[in-house]
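Under the working numbering, residues 10 to 156 are what the sequence shown spells out, in order.
Cβ coordinates follow ideal geometry from the N, Cα and C atoms, glycine included.
For reference, the structure is listed below as C-alpha cells.
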Amino acid sequence: MPRGRRLGVLVLVLGVVVIAAALAGWRLWGGRSEYDGNLMISSARAAPGETVELTFVAGYDHTSMFMLYRMGSSKPSYFLYSASDRGRAEPSWTRAEDVPEGAGFSAIGRTDPGPERVVIPPPVADGEYSVCAVAKVMSCALLTVGR
Numbered sequence: 010m011p012r013g014r015r016l017g018v019l020v021l022v023l024g025v026v027v028i029a030a031a032l033a034g035w036r037l038w039g040g041r042s043e044y045d046g047n048l049m050i051s052s053a054r055a056a057p058g059e060t061v062e063l064t065f066v067a068g069y070d071h072t073s074m075f076m077l078y079r080m081g082s083s084k085p086s087y088f089l090y091s092a093s094d095r096g097r098a099e100p101s102w103t104r105a106e107d108v109p110e111g112a113g114f115s116a117i118g119r120t121d122p123g124p125e126r127v128v129i130p131p132p133v134a135d136g137e138y139s140v141c142a143v144a145k146v147m148s149c150a151l152l153t154v155g156r
C-alpha cells in the first residue's frame, strides 16, 4: 500500500478511536492528572532513553499506551507505548506534536497489574513530568527526568 494511502487509513482509524473513546467517557489527553495510586512507576527519576516499569493496582482498567506531560502543561509532550502494545518488541514513543489534531490511538485494554515497560524519549528535556495511563479514569505518577 502506498505511504500516502497508509497514512490516510491510519488517520481515519485514529479518528474513529477518538470518537469511540469520547463516547465511552475516556479522557485521552488534556484533562487533569490524577495521582490516586492506581499507577506506580519503578523509579521516580529516570534519564532520557532509560526504560522504566509501570505497574497498576489489581483490576485497574488501563491500556498499553501512556502520556508524558511536562508539569504545568495540559497537553502531553509524548505518547509512550509499552512493549506489550500490539506485540511490539521494544517500547516506543511518539512526539505529541507529530500526531494530527483530533487523532487518537487504538490500544489493548488490560486489567493485569503489569509491569508495562516504557522508554523515556531521548529528546525529552530535563524536568518534572507526569506519566499518565490512558484509561477510563486517568491515573498518573510523578517522574523527574534528568541526565
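Ranked by Cα distance from Arg104, the options Gly123, Glu59, Leu77, Leu151 are led by Leu77. Here Gly136 is bridged, per DSSP, to Val154. Nearest C-alpha to Ser101 among Pro109, Asp107, Leu89, Arg79: Leu89.
If you look at Tyr87, you'll find it in the beta strand (DSSP E) that goes 87 to 90. Of the candidates Met74, Gly118, Met147, Ser86, Met74 places its Cα closest to the Cα of Arg126.
When C-alpha distances from Val143 are compared across Leu63, Thr153, Glu137, the shortest belongs to Leu63. DSSP places Ala105 within a helical segment (H, G or I) once states are collapsed to three.
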